[in-house]
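Read left to right, the sequence shown gives residues 139 to 720 (the working numbering). The next block holds one structure in the form of structure tokens; read it before the comments.
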Amino acid sequence: MSFSSKITFFFCCAILTFLSCKNEVKAPEQNTATSDIPDREWWKEAVVYQLYPRSFKDSDGDGVGDLKGIISKLDYLKSLGIDVIWLNPIYASPNDDNGYDISDYRDIMKEFGTMADFDALLKGMHERGIKLVMDLVVNHSSDEHEWFKQSRSSRNSPYRDYYHWWPAEKGKPNYRYSLFDINHDAWKYDTLTDAYYLHYFSRKQPDLNWENPQLRKEIRNIMKFWLDKGIDGFRLDAFTFAAKDINFPPLSEGYEKDFMPYYSMQPHLHEYLQELNREVLSKYDVMSVAEGAGNTPQDAHDLVDADRHELDMAYPFECVDIAKSSGYSVVHLKEAFSKWDSIFSQKGWVSIFLANHDQARMVSRFGNDSPAFRELSSKMLTTFILSMRGTPYYYNGDELGMTNIRFDNIEDYNDMPTLNEYQRLKKTGGDLTKFMEELKFSCRDNGRTPYQWNASNNAGFTTGKPWLKVNPNYTTINAAVEDADPNSVLNYFRKMIQLRKKELTLVYGKYTLLDAENPSTYSYTRELNGRKLLVMLNWKATAAKANTGIDLSKAKLLLGNYPAPLLDGNLRPYEAVILELN
Ligand code: GLC
Numbered sequence: 139m140s141f142s143s144k145i146t147f148f149f150c151c152a153i154l155t156f157l158s159c160k161n162e163v164k165a166p167e168q169n170t171a172t173s174d175i176p177d178r179e180w181w182k183e184a185v186v187y188q189l190y191p192r193s194f195k196d197s198d199g200d201g202v203g204d205l206k207g208i209i210s211k212l213d214y215l216k217s218l219g220i221d222v223i224w225l226n227p228i229y230a231s232p233n234d235d236n237g238y239d240i241s242d243y244r245d246i247m248k249e250f251g252t253m254a255d256f257d258a259l260l261k262g263m264h265e266r267g268i269k270l271v272m273d274l275v276v277n278h279s280s281d282e283h284e285w286f287k288q289s290r291s292s293r294n295s296p297y298r299d300y301y302h303w304w305p306a307e308k309g310k311p312n313y314r315y316s317l318f319d320i321n322h323d324a325w326k327y328d329t330l331t332d333a334y335y336l337h338y339f340s341r342k343q344p345d346l347n348w349e350n351p352q353l354r355k356e357i358r359n360i361m362k363f364w365l366d367k368g369i370d371g372f373r374l375d376a377f378t379f380a381a382k383d384i385n386f387p388p389l390s391e392g393y394e395k396d397f398m399p400y401y402s403m404q405p406h407l408h409e410y411l412q413e414l415n416r417e418v419l420s421k422y423d424v425m426s427v428a429e430g431a432g433n434t435p436q437d438a439h440d441l442v443d444a445d446r447h448e449l450d451m452a453y454p455f456e457c458v459d460i461a462k463s464s465g466y467s468v469v470h471l472k473e474a475f476s477k478w479d480s481i482f483s484q485k486g487w488v489s490i491f492l493a494n495h496d497q498a499r500m501v502s503r504f505g506n507d508s509p510a511f512r513e514l515s516s517k518m519l520t521t522f523i524l525s526m527r528g529t530p531y532y533y534n535g536d537e538l539g540m541t542n543i544r545f546d547n548i549e550d551y552n553d554m555p556t557l558n559e560y561q562r563l564k565k566t567g568g569d570l571t572k573f574m575e576e577l578k579f580s581c582r583d584n585g586r587t588p589y590q591w592n593a594s595n596n597a598g599f600t601t602g603k604p605w606l607k608v609n610p611n612y613t614t615i616n617a618a619v620e621d622a623d624p625n626s627v628l629n630y631f632r633k634m635i636q637l638r639k640k641e642l643t644l645v646y647g648k649y650t651l652l653d654a655e656n657p658s659t660y661s662y663t664r665e666l667n668g669r670k671l672l673v674m675l676n677w678k679a680t681a682a683k684a685n686t687g688i689d690l691s692k693a694k695l696l697l698g699n700y701p702a703p704l705l706d707g708n709l710r711p712y713e714a715v716i717l718e719l720n
């Protein structure tokens with residue numbers, strides 16, 4: 139080893155030691171013997187709070203949330219008891235898809251602030267013991283990224299192969315479905331070089347070519363850039379789509395109805411992840427979460443089996459996709475969550491969530507947002523997310539019980555794929571009335587309305603005109619009112635987090651589903667090192683009995699969302715209880 143490489147080696151060791159000290163698991167007071175819990179990790183014990191920066195807090199009156207706005211609310215975030223914030227993209231972007239179209243991976247979106255604001259935000263979070271996970275959007279970039287501009291400029295550009303181009307003289311490429319394009323055609327013809335480029339999402343989101351080693355190196359360097367600033371992990375956006383068969387062979391007819399088997403988990407995906415892990419992730423004490431979980435339980439397992447050195451946790455969509463505007467079956471929901479628990483019962487780790495920025499509001503989809511049940515059902519869903527095995531991901535605003543806004547006019551929506559689909563249906567004579575009704579239940583703008591801080595103008599989110607309308611119910615549903623009310627949804631969320639932190643049984647304990655066929659209730663035990671807890675949840679607006687078969691005469695209440703619960707399995711509408719059995 140030469141002198142200079144020795145210096146580098148020692149320097150790296152010092153940095154790594156510093157990083158791992160920084161991220162050590164602090165032991166909170168526990169009700170469970172912790173000595174023999176295998177494979178403990180800070181990211182398994184963390185509660186992740188997903189923060190949508192565009193809608194959180196605006197500091198400069200332009201109607202768009204920003205980093206200084208978040209900084210001004212750090213003490214509030216700390217008061218929630220959360221451990222990690224997953225921040226949706228804040229990089230430079232022309233905002234075709236609200237930041238999921240990145241034009242410079244090393245810069246901050248102008249509307250959100252500057253790199254100095256970012257550094258201050260990260261410092262403020264770390265000072266409060268909160269970690270930061272960033273979105274890594276590298277299945278595609280923006281068409282306004284310098285790479286794409288160069289790539290597009292000439293067939294001989296060194297950047298040409300950073301993207302997928304198909305020369306027109308070879309004829310039209312085989313059809314590929316685009317999720318966001320107005321015509322759903324993923325190939326866009328470009329006159330400049332007489333060729334088509336591929337975009338699985340919008341035309342302004344060209345797909346990157348992961349076959350190209352130079353591109354992969356660029357991505358690794360971008361990851362190092364942020365990790366060296368001290369961030370604590372990445373969520374890999376749409377990453378299971380990154381690998382592609384670059385011959386683009388014809389696909390079976392009708393595949394666009396279920397394109398996942400053709401788009402997700404293509405050959406080389408695992409190699410790409412192993413390379414990212416080996417060259418970057420393994421060198422830092424950080425967490426990594428996939429978007430999705432592949433196509434099969436085996437894929438999901440392989441993505442996060444610690445021995446394979448790929449990612450830390452999967453984020454499967456099956457459960458969150460169960461809620462439909464026509465309703466859903468509680469039995470089906472239980473089967474789905476239980477299936478995902480069993481996939482990771484021995485190895486690997488899963489995320490538990492009921493909402494995110496791509497979904498409408500949790501209480502409007504899974505609970506009941508009528509005045510009588512909004513608070514109760516929000517608290518019940520909170521009890522669920524925070525008492526399952528896996529890392530809970532909680533979407534901002536759900537801790538207030540924020541609800542769907544249900545716009546009547548298409549002009550009120552902002553979401554690009556929604557607006558494109560509306561135009562497509564209009565052109566092709568589709569049923570627009572039905573489409574507009576469906577949006578009230580499922581459009582992701584429902585989950586993106588500004589955070590409701592208080593009862594002042596625009597819910598205290600901005601002094602300007604908000605980029606998306608504020609839900610008019612902000613006068614009663616807001617953080618200020620709920621902060622002052624000990625029985626609010628917000629304070630229940632805080633209590634539930636504290637309980638999870640005290641009870642490692644809720645993190646690591648074995649999950650056993652009880653009373654599986656009960657159409658109203660969801661009951662399960664969690665067991666670890668001799669400690670046994672029972673969770674009983676009523677998912678319906680009518681009273682129901684949980685038949686767990688467990689003797690409850692000695693059970694002790696740890697938390698519930700009603701005063702004086704009966705502790706005998708009889709549950710009032712949306713009642714939730716967590717009991718200590720031993
Ligand atoms: C992911 C993001 C979503 C985005 C899409 C394209 O699914 O969660 O918000 O629109 O990728 O980047």
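All residues carry an ideal CB built from backbone N, CA and C; glycine is no exception.
Would you list the one or two residues that DSSP bridges to residue i?
i	result
residue 650	663
residue 489	529
residue 722	Any property of residue 722 remains undetermined from this structure, which presents the chain solely from 139 to 720.
residue 674	661 and 715
residue 345	278
residue 682	709
residue 315	323
residue 301	346
residue 229	246
residue 669	666
residue 465	462
residue 269	222
If I measure Cβ to Cβ from residue i and keep anything under 6 Å in the same chain, skipping five residues before and after, which residues do I get?
i	result
residue 175	646
residue 424	370 and 371
residue 159	Confidence at residue 159 is low in this model, with a pLDDT of 35, below 50, so the placement of that residue should be treated as unreliable; the coordinate-derived value is given next. No residues qualify anywhere along the chain.
residue 262	209 and 212
residue 273	226, 227, 373 and 375
residue 476	651
residue 673	525, 662 and 716
residue 179	none
Which stretch, first to last residue, makes up the alpha helix (DSSP H) that contains residue i?
i	result
residue 262	253-265
residue 500	500-503
residue 449	Premise fails: residue 449 is in no alpha helix (DSSP H) and is neither H nor E.
residue 407	407-417
residue 288	284-291
residue 180	180-183
Buried or exposed, going by whether 16 or more other CB atoms sit within 10 Å of the CB of residue i?
i	result
residue 339	buried
residue 570	exposed
residue 666	buried
residue 195	buried
residue 681	exposed
residue 693	buried
residue 337	buried
residue 566	exposed
residue 330	exposed
residue 470	exposed
residue 321	exposed
residue 527	buried
residue 385	exposed
residue 296	exposed
Between which two residues does the beta strand (DSSP E) harbouring residue i extend?
i	result
residue 325	325-328
residue 246	242-246
residue 336	333-336
residue 426	425-428
residue 207	Counting along the chain, residue 207 falls outside any beta strand (DSSP E), though it belongs to the alpha helix (DSSP H) covering 205-210.
residue 222	222-225
residue 188	186-189
residue 514	Unbroken run through residue 514 is the alpha helix (DSSP H), 512-523; no beta strand (DSSP E).
residue 694	694-698
Which residues in the same chain have their Cβ closer than 8 Å to the Cβ of residue i, if we skip the five residues on either side of it in sequence?
i	result
residue 608	587, 588, 590, 596, 597 and 599
residue 222	181, 184, 185, 186, 187, 268, 269, 270, 271, 370, 371 and 425
residue 576	463
residue 163	Only weak support is given to the placement of residue 163: the predicted model assigns it a pLDDT of 46, under 50, and the question is left unresolved by the model.
Tell me which residues share the same chain as residue i and place their Cβ nearer than 7 Å to its Cβ, disregarding the 5 neighbours each side in the sequence.
i	result
residue 190	226, 495, 534 and 586
residue 482	488
residue 453	427, 428, 429, 430, 431 and 489
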